[in-house]
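The sequence shown lines up with residues 76 to 140 when you count with the working numbering.
Inspection log for the structure reproduced underneath, given as structure tokens.
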Amino acid sequence: MDALRTRFYQLIEQLTEEELSQAWDVVYELHCDVQVLEAIKEVKRSHQPWDTLTYEEAMRLVSSK
């Protein structure tokens, strides 16, 4: 893991500010995608097709992750 971390920092040092900003936008979007997918999996595990949620309940489930 330390070798990977070192390589990552070396890569960051080679990027311009603009490239770094663009890379951050992509990484953040991927991070959000992973969070949404995990929330979807959790809901699929804990709810049955006939279960219904109010908007407030759904938002509480999503924001608790």
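Glycine is no exception: its CB is placed at the ideal position from the N, C-alpha and C atoms.
Bear in mind the structure is a predicted one, so any value in this text is a computation, not a measurement.
What did DSSP end up calling residue i once you bin it into helix, strand or coil?
{"i": "threonine 91", "result": "coil"}
{"i": "tryptophan 125", "result": "coil"}
What are the boundary residues of the alpha helix (DSSP H) that residue i is part of?
{"i": "serine 138", "result": "130-138"}
Report the CB separation of residue i from residue j in whole angstroms; it is logged as a contact under 8 Å.
{"i": "isoleucine 87", "j": "leucine 79", "result": "That pair is no contact at about 13 Å."}
{"i": "alanine 98", "j": "leucine 90", "result": "7 Å"}
{"i": "leucine 136", "j": "valine 118", "result": "6 Å"}
Enumerate in chain order the residues of its own chain whose CB-to-CB distance from residue i is below 7 Å, with the five nearest sequence positions on each side excluded.
{"i": "lysine 116", "result": "none"}
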